[in-house]
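Asker: Please read through the structure below; I'll follow up with questions.
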Amino acid sequence: MWTDPAILEWIFILVKIIVIFGLVLSIVPYTVLAERRICAWIQDRVGPNRVGFQGLLQPIADALKLMLKEDMLSNHVHKVVFTLAPALVFMPSLMVLAVIPWGSAIGPMTCVLSDMNAGMLFALAVASFSVYGIALAGWASNSKYPFLGGMRSAAQMISYEVCLGLSLVPLFMQTGSLNLSAIVEYQTQHGWLMLYHPVACFIFITSLFAECNRTPFDLPEAEQELVSGYNIEYSSLKFGLFFLGEYANMLVASALVTTLFLGGWSLPFAPFNAPATVIWVGLAHVGIFVAKVCAMLFLFIWVRWTVPRFRYDQLMALGWKVFFPLALVNIVVVAVIMACRANL
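Per the working numbering, the sequence shown runs over residues 25 to 368.
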């Protein structure tokens, strides 16, 4: 019975779901710890180092603190929407991870949960749902500052989603596919797409900062203006779920940049760029992918503690007056170059 291909396929799917969910629940809390330690290093402070060896148990202590806090629910909030909003922020990131190839294969098991042909289209569509969670949290709080934060987030994320999608068009033109595994395979043979499309890479990464509400684009929760913004009325686990969703979005954003521009699980001039045939090669591919994702997470953290926040008018002007026309020009330039090469 266990050798039935259909049963084996379902077992592999279940294992990959457990791995992805475990990856999020393990990496996300320690990304918070890494941010606190890195910002302490940048600002010449100590940072958390008391709970466990070098503060490694600090995320567990923070989780316990959030669970033991009282869950406040004011009478003036819209209770159903107020309760569902944090989950709507966290869930899209888990769904996007389903189409990201985090390795080639480990033995007979491929390292992607759903290798769909329109994988990138699915990722862009699902990622856009996170704006609903933030906007609804601001509206359901029935308070001025959360509402302003929710409206800011809706305008910001919708604006930069346009730049995000347009920046990827040259990649699809060159690779001829929306399948993320096929894009990685293309890079194993022709090199990283970041080298071919540096303008698209810059627009994509900068737009991801806006999509993830990270500094210098953290206008929806600017504490100097909105006293924390859309999540000000939340407490306990609901409050923690917003931060879990924010860092999960950072993880997904880093994985997308790695997959689309940094070669995914491949490594130039490495002896194991071919699809995995033995387990150690597959594990090496996973290790390469995780290392690149960690490097991108460091970039997200580093920028937060070195670049000051934009004004809101500067944020919108950058998206619509700079990135939007630049992405369109980049598409035309790449199309002309590809047409000239085809006619040679």
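The beta-carbon is built from N, C-alpha and C at its ideal position, and this holds for glycine as well.
1) How many whole angstroms separate the CB atoms of W289 and S183, which I take to be in contact at a CB cut-off of 8 Å?
2) Would you decide whether C364 is buried or exposed? Buried here means 16 or more other CB atoms lie within 10 Å of its CB.
3) I'd like to check one pair, H221 with N99: are the Cβ atoms closer than 9 Å?
4) Please say whether L232 and L275 have beta carbons closer to each other than 9 Å?
5) Buried or exposed: T330, going by 16 or more other Cβ atoms within 10 Å of its Cβ?
6) Which residues in the same chain as I207 place their Cβ atom closer than 8 Å to its Cβ, once the five residues preceding and following it in sequence are excluded?
7) Expressed to the nearest angstrom, what Euclidean distance is found between the alpha-carbon atoms of S278 and L81?
8) Just checking, does the segment 89–98 make contact with the segment 146–158 on the three C-beta pairs under 8 Å criterion?
9) For E235, count the other beta carbons within 10 Å of its own beta carbon; 16 or more makes it buried, fewer makes it exposed. Which is it?
10) How many angstroms separate the CA atom of G343 from the CA atom of I35?
11) Which partner residues of M133 appear in the DSSP bridge assignment?
12) In angstroms, rounded to a whole number, what distance separates the CA positions of F266 and M362?
13) Does the count of Cβ pairs from the segment 155–163 and the segment 172–189 closer than 8 Å reach three?
14) Roughly how many whole angstroms lie between the Cα atoms of A164 and A178?
15) When the Cα atoms are used, what is the spatial distance from E59 to F324?
16) Can you tell me which of the three DSSP states L350 falls into?
17) CB M96 to CB S252, shorter than 9 Å?
18) So, A142 versus S191, is the Cβ gap smaller than 9 Å?
19) Just to confirm the assignment: which complete beta strand (DSSP E) runs, minimum length 3, are found wholly within the segment 150–188?
20) Between I370 and D337, what straight-line distance do the alpha-carbon atoms span, to the nearest angstrom?
21) So, under 8 Å CB-CB, I62 and W326 are touching, yes? Tell me the CB distance rounded to an integer number of Å.
22) In chain order, which beta strand (DSSP E) runs of at least 3 residues are fully inside the segment 102–130?
23) Looking at the ligand SAH, does it come within less than 8 Å of E270, judged from the CB to the closest heavy atom?
24) So the alpha helix (DSSP H) Y336 belongs to, where does it begin and stop?
25) Does the beta-carbon of H396 have 16 or more other beta-carbons within 10 angstroms, so that it is buried, or is it exposed?
26) Let me check understanding here. Comparing Cα to Cα, which of K316, L321, G71 lies closest to R238?
27) Is it buried or exposed for E33, if we count other Cβ within 10 angstroms and need 16 for buried?
28) Can you tell me which of I41, M133, A111, I42 puts its alpha carbon nearest to the alpha carbon of G306?
29) Go ahead and label P116 buried or exposed: buried means 16 or more other beta carbons lie within 10 angstroms of its beta carbon, across all protein chains shown.
30) Counting only the same chain and skipping the five closest in sequence on each side, list residues whose C-beta sits under 7 Å from that of Y210.
31) With a 10 Å radius around its C-beta and 16 neighbouring C-beta atoms as the bar for buried, classify R69 as buried or exposed.
32) Use the C-beta contact count for I130: other C-beta atoms within 10 angstroms, 16 or more gives buried, fewer gives exposed.
33) Between C318, L38, L49, F114, which lies nearest to G269 when the distance is taken from Cα to Cα?
34) Go through its chain and collect everything with a Cβ distance to V193's Cβ below 7 Å, but skip five positions before and after it.
35) Around the C-beta of R176, are 16 or more other C-beta atoms found within 10 angstroms, so that it is buried, or is it exposed?
Answerer: So, from the listed chains and residues:
1) Taking the sequence shown and counting its residues from 1, one reaches residue 289 at position 265. Taking the sequence shown and counting its residues from 1, one reaches residue 183 at position 159. That pair is no contact at about 32 Å.
2) By one-based count along the sequence shown, residue 364 stands at place 340. That one is exposed.
3) For this step, residue 99 is matched to residue 75 along the sequence shown. For this step, residue 221 is matched to residue 197 along the sequence shown. No.
4) Numbered from 1 along the sequence shown, position 251 holds the residue referred to as residue 275. Numbered from 1 along the sequence shown, position 208 holds the residue referred to as residue 232. No, these two residues do not count as a Cβ contact at 9 Å.
5) What you label residue 330 is simply residue 306 of the sequence shown in a count that begins at 1. Per the 10 Å Cβ criterion, exposed.
6) For the purposes of this step, residue 207 is taken as residue 183 along the sequence shown, with counting starting at 1. The residues are M144, L195, T199, S201, L217, T283, L284, G288.
7) As a position in the sequence shown, residue 278 is number 254, starting the count at 1. As a position in the sequence shown, residue 81 is number 57, starting the count at 1. Computed Cα separation, rounded: 24 Å.
8) no
9) Along the sequence shown, read from residue 1 onward, the residue named residue 235 stands at position 211. It is buried - the Cβ of E235 has at least 16 other Cβ atoms within 10 Å.
10) Your numbering for residue 343 matches position 319 in the sequence shown. Your numbering for residue 35 matches position 11 in the sequence shown. One C-alpha to the other measures close to 44 Å.
11) Taking the sequence shown and counting its residues from 1, the one referred to as residue 133 is at position 109. Per DSSP, I130.
12) Translated into the one-based positions of the sequence shown, residue 266 becomes position 242. Translated into the one-based positions of the sequence shown, residue 362 becomes position 338. Cα-Cα distance, rounded: 43 Å.
13) yes
14) Counting from one through the sequence shown, the residue named residue 164 turns up at place 140. Counting from one through the sequence shown, the residue named residue 178 turns up at place 154. Cα to Cα, the separation comes out at about 14 Å.
15) As a working mapping, residue 59 is identified with position 35 in the sequence shown. As a working mapping, residue 324 is identified with position 300 in the sequence shown. One C-alpha to the other measures close to 9 Å.
16) Start at 1 with the first residue of the sequence shown, and residue 350 comes out as number 326. It is helical.
17) Here residue 96 corresponds to residue number 72 of the sequence shown, with the count starting at 1. Here residue 252 corresponds to residue number 228 of the sequence shown, with the count starting at 1. No. Outside cutoff.
18) As a first step, residue 142 must be located in the sequence shown, where it is residue number 118. As a first step, residue 191 must be located in the sequence shown, where it is residue number 167. Not in contact: A142 and S191 (Cβ atoms no closer than 9 Å).
19) none
20) For residue 370 there is no data in the structure shown, the boundaries of the chain being 25 and 368.
21) Within the sequence shown, residue 62 is the residue found at index 38, counting from 1. Within the sequence shown, residue 326 is the residue found at index 302, counting from 1. Indeed, because the Cβ distance is near 7 Å, the residues count as touching under 8 Å.
22) none
23) As presented, the structure is devoid of all ligands, the ligand SAH included, so that no description of it is given.
24) Locating residue 336 in the sequence shown gives position 312, counting from the first residue. 336–341 is the extent of the alpha helix (DSSP H) around Y336.
25) In the structure as shown, the chain starts at 25 and stops at 368, and residue 396 therefore has no counterpart that could be examined.
26) Taking the first residue of the sequence shown as position 1, residue 238 is located at position 214. Nearest C-alpha to R238: L321.
27) Residue mapping note: residue 33 aligns to position 9 of the sequence shown, counting from 1. E33 comes out exposed.
28) Start at 1 with the first residue of the sequence shown, and residue 306 comes out as number 282. Answer by Cα proximity: M133.
29) To locate residue 116, count along the sequence shown from 1; it is residue 92. By the neighbour-count rule (16 or more Cβ atoms within 10 Å), P116 is buried.
30) Here the question's residue 210 lines up with position 186 in the sequence shown. T199, listed in sequence order.
31) Indexing the sequence shown from 1 puts residue 69 at position 45. Exposed.
32) To locate residue 130, count along the sequence shown from 1; it is residue 106. Buried.
33) Within the sequence shown, the letter at position 245 stands for residue 269. Ranking C318, L38, L49, F114 by Cα distance to G269 puts F114 first.
34) Here the question's residue 193 lines up with position 169 in the sequence shown. Once the five neighbours on either side are set aside, the close Cβ partners of V193 are I355.
35) Indexing the sequence shown from 1 puts residue 176 at position 152. Its Cβ being crowded by 16 or more others within 10 Å, R176 is buried.
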